[in-house]
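All letters in the sequence shown, in the order written, are residues -27 to -1, 1 to 818 by mature numbering (1 follows the signal peptide of the UniProt record, and there is no 0).
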Amino acid sequence: MMKITLNKLLPIFLLLSTLFFEQFASAAPASPPPENISHLGPTITANVVRGKESLPIFLVNHLRKGDKLVVTTDQAEKTDVKWLAVLATVTPISNNVVTRQFDLSDHAGEVAIEIAADDQIPIIVLAPQVRTMFGLHTSFSESAALISDAIKTDPQRFVDLQKIDQINHAIAFISRALDAVIQTKKSDQAVDAAKSLAAKFGVKYVDPDCFKDGTVNSKCVAAYIVASEDLLVPSNDIWLAAGPDAASVKLPTDIFAGLKLVTETSTYLVNKYGDNYDFAPSLGQRKAATTTIQLFTNARFKSGDIKTAYVYVPSWFPGKAPELVLESKTPFCLAKGDIVSSVKGRLPLLNYWHDWNLVIKEHGSSAMLAQFNVIDFKPDTGHFLFDYKNTDSALTLHGQLLDATLTAKFGFAEVSLSPFNFVVPTNAPLLAQIVGLDSLISGEQTKLGFTGVNGNACIEQVNLLVNGKTLASSTAELPNELSVDLSKAEPGPATLEVQQYGAAKQELVVTIQQRRAHIQRLVHYDLETELSVYGDNLDRIEVIQLGNNLLCRASDVPNLTLNASPVSSTSRIFSCPADVAANAKFPAKVTIRHLEKEPASFDVAVTKIEARPHMTVAPLNATVATLSSKALQWNLSADDQFITEDSGISILMHAFGGYKLSHGSYVLQLKFGDGAENEVANNPQADNAVISVPMMSDLAHNELRTRSPISFAKIQLPSIVNPIWYRIKHQPSGLAGDWQALNRSIVFFPQIDALTCDTDGRGLLIHGPQLELIDWMSNDLISSGNVQPAADTKTVQARCDKDLCLAINGLGAANKLKVKVHWIDERLFEVTFPAAPTCAPQVQP
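Okay, structure coming up:
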């Protein structure tokens, strides 16, 4: 990045800035150009003649040997002052100078000079004949000689004035780029964007007059950028916002580095030749819609008809003519009136393309249908704009393909783009050409497009409406693609509006379908008839089809197989025919069919996993309890449904359903549940409550057995009554079977330690922990009911020295009582108590 520091705001900058203020004077009449800054010079028409062709200089990219520069000026019409013209050519390397002098009164204002070499630089000087100190005009030859001698003496000084024209083009380009950046922005955003662009050039201050009434005067901003005292030349990436081709423009650093040189040259010429002429470096600006060039110069050269010599040195494009390429392989829409190209090579600051000719023919035929000559080419963006109605031909070939050629000239060179195609909008319904209608599904995001040559070219806008409200609209960049978010849309009818260029809007009725089942994972375990489905919207599945005839239907069995399933996923179990229980027979893909056949069915790959352990408790002597003293006290049996926490249980399990034990260790996993639903056992968050017990494997008999009785004495039981659930896990594979009820419960029975006499000697006190869990006791050992005992039976709580006691009248036969335990309603326990002491009633004195 190059930095240029100028000591002051140079007069040439003020000239450039004033010029653009003057151009916008009609838009901002309150700010006319200050008369003390700019001075309006002569007008000229400068053409380059090459062979039989003649072009204005602003359409000629460079000069060639043999060209003729022809200049016409309005100064020849003046009768009170005699004007002359000096045309010169300078060869840069050798500084060889050729001059020609013309008395404009003798040449009717038209003069010319030959170009003797390709790299010669022409210089145009217009001046009045010099007056003597007595106010008399000198001879034409004497005045012309003064100018010619000045050019020959200091040719490089005059050549340096070419920078003025280059600066002019740079300002025009920067202003165009800024216009492209701000054209779609609101007022405050446009001002911020303009200041941001200026900052990239190192410009810290832009005159507020450039933003009067909240509007951005882009040419004013561009002039201040070039006139900055701390000018930075950024990379070409900043031009991307102006158009895809603008980045190929090169603003040479020598343009900006030469600004100071321009001013120094101007000062030098005035100081050296000021006694005769004020040589005024002039800026040429083309008048709108004409070939006339207006010369501007600084106000200090306002002597005008007296001694001002207007010096105009036009600049030229140093690069090769860039190539225009039509990148699109699809047809353009004729009714849109826009052809898009790209530039290969360096894009010039001026638009040297002209005389465009667009010819349209029938497809595959040489018969011309229409021709367009009024075409506006935007080099920065690569767009060719034309009015398709601006033709005498009636193009009514709706939807058909047309052939086209586009030719022009770049300066004097012929230019032709590769042949391409047009289509015209169709009147036929476009519903059949829309791709993606079957993906309009509630809850999803999708994209609609168009097929066919017409569909991709002539679509201007697509809108999706639900209940009259616009749900989605296509963008200007991709008008024929519609991105749709249906995450909050309900199923039902919708309207698709399709607007084509040059055709009436079509309103098409479409349908937003019911939600689709989203399958994250579909798992089948070997040897099982169940298919586990994980995902969302699974209630939308009607059946899962296996092949042609077999169907899996949703099962009412609770899903207890959430192995390795994400907590956030929903799941369903589908029951499949037993014929495909083996993985070898189960298909690799299945078809998901929705309710009401909406949306369409789709295939999903099946994840096949080896068999999980299929183990169950053996029917004979399967679960044997090793009874503790408490269990014996409560009269529990080895195969009792209830087990005390200090007892031990031994479990024998055998395989079923074709499962074969594998090598590697197996563990028995136990959890406590609260009933048939077993929510605790099935809760993946409760894994820390799992009790794992190593098992012994008997591969020959396909059985597993506990190594020693399992005791729960050191386990913190979650409840009074704790049903046991179990499953078998194969450690190497991590596969586990379903959770199943063991049909045994660990019960937190009270501990009965001892009996003592009541304080009055008429009853007994029962001592021990957790006696509050006993609802009541009865010495009626014959009755099998669990009804509350008679009122005269004494079973009440009493306060002992250290703990809670139970007071009873006495024991039954064999020191036994029937006991009702809290939370177990279906059973009375016949409990054996310690021997009772002999108690004597106390006699009252």
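Even for Gly, the Cβ is constructed at its ideal location relative to N, Cα and C.
Quiz item: Cβ atoms of Y639 and Q713: under 8 Å apart, would you say?
Solution: no
Practice problem: Grab me the residues of D349's own chain with a C-beta within less than 6 Å of its C-beta, minus the 5 sequence neighbours each way, in chain order. | Solution: L358
Quiz item: What three-state label does DSSP hand L151 in the structure shown?
Solution: helix
Quiz prompt | P531 versus I546: straight-line alpha-carbon distance, rounded | solution = With a pLDDT of 44 at P531, under the threshold of 50, the modelled position of that residue is not reliable, and the figure given next carries that caveat. Near 8 Å, if we compare the C-alpha coordinates of I546 and P531.
Quiz item: For F722 versus K603, is the C-beta distance shorter than 8 Å?
Solution: yes
Exercise. Under the assumption that S718 contacts Q614 (Cβ atoms under 8 Å), give the Cβ distance between them as a whole number of angstroms.
Key: 6 Å
Self-check item: Residues that DSSP places opposite C730 in a beta bridge
Solution: L737
Self-check item: Rounded separation between A591 and E799 - CA only
Solution: 26 Å
Quiz prompt | Rounded straight-line distance, which links the Cα of A467 to that of K442 | solution = 10 Å
Self-check item: Rounded distance between the beta-carbons of L777 and L744, thought under 8 Å
Solution: 5 Å
Quiz item: Whose C-beta lies closer than 7 Å to the C-beta of V298 among residues of the same chain, with five residues either side of it excluded?
Solution: S314, S315 and K317
Self-check item: Best match in K562, V164 and P464 for proximity to G187 [C-alpha to C-alpha]
Solution: V164
Quiz item: Given a threshold of 16 other Cβ atoms within 10 Å of its Cβ, counted over all protein chains shown, does H12 qualify as buried or as exposed?
Solution: buried
Quiz item: By how many angstroms is the C-alpha of L609 removed from the C-alpha of W796?
Solution: 17 Å
Exercise. Assign F575 to buried or exposed, taking buried as 16 or more other Cβ atoms, counted over all protein chains shown, within 10 Å of its Cβ.
Key: exposed
Quiz item: Can the beta-carbon of I725 be found closer than 8 Å to that of F806?
Solution: yes
Exercise. Please name the residue in H674, V396 and A166 whose C-alpha comes closest to that of V189.
Key: A166
Quiz item: Measuring CB to CB, does L459 end up less than 8 Å from V435?
Solution: no
Quiz item: Mind checking K136: buried by the 16 CB within 10 Å criterion, or exposed?
Solution: buried
Self-check item: Beta-carbon proximity check, H336 vs L307, cutoff 8 Å
Solution: no
Quiz item: Which residue comes first and which comes last in the alpha helix (DSSP H) that contains R678?
Solution: No alpha helix (DSSP H) contains R678, which is instead part of the beta strand (DSSP E) from E676 to T679.
Quiz item: So what does R73 bridge to, in DSSP terms?
Solution: L60
Exercise. Return the first residue and the last residue of the beta strand (DSSP E) that D612 is part of.
Key: No beta strand (DSSP E) contains D612, which DSSP labels as neither H nor E.
Practice problem: Would you tell me roughly how many angstroms separate the C-alpha atoms of P452 and Q344, rounded to the nearest one? | Solution: 27 Å
Exercise. For T378, collect the residues of the same chain with a Cβ closer than 6 Å to its Cβ; drop the 5 residues on either side in sequence, then sort them by chain order.
Key: V332 and P392
Self-check item: Sub-8 Å separation of Y474 and C431 beta-carbons
Solution: yes
Quiz item: Nearest CA to the CA of I30: which residue from E803, G384, Q642 and L421?
Solution: G384
Exercise. Out of E618, L600 and T617, state which residue places its alpha-carbon closest to the alpha-carbon of A611.
Key: L600
Quiz prompt | Selected residue, minimal CA-CA separation from G14, among D733, I266, P696 and Y197 | solution = I266
Quiz item: Taking all protein chains shown into account, do 16 or more other C-beta atoms lie within 10 angstroms of the C-beta of T580, making it buried, or fewer, making it exposed?
Solution: exposed
Practice problem: Note down the Cα distance separating A85 from T46, rounded to an integer number of angstroms. | Solution: 12 Å
Quiz item: Counting pairs of beta carbons, one from the stretch 468 to 488 and one from the stretch 410 to 424, are three or more of them closer than 8 Å?
Solution: yes
Self-check item: Nonlocal neighbours in the same chain, by C-beta distance under 7 Å from P810, ignoring five residues either side
Solution: L728, T729 and C730
Exercise. If I'm right that L390 touches P352 with Cβ under 8 Å, what's the distance once you round it to whole angstroms?
Key: Rounded, the Cβ-Cβ distance is 14 Å, inconsistent with contact.
Quiz item: From V33, T126 and H567, pick the residue whose C-alpha is nearest to that of N69; which is it?
Solution: T126
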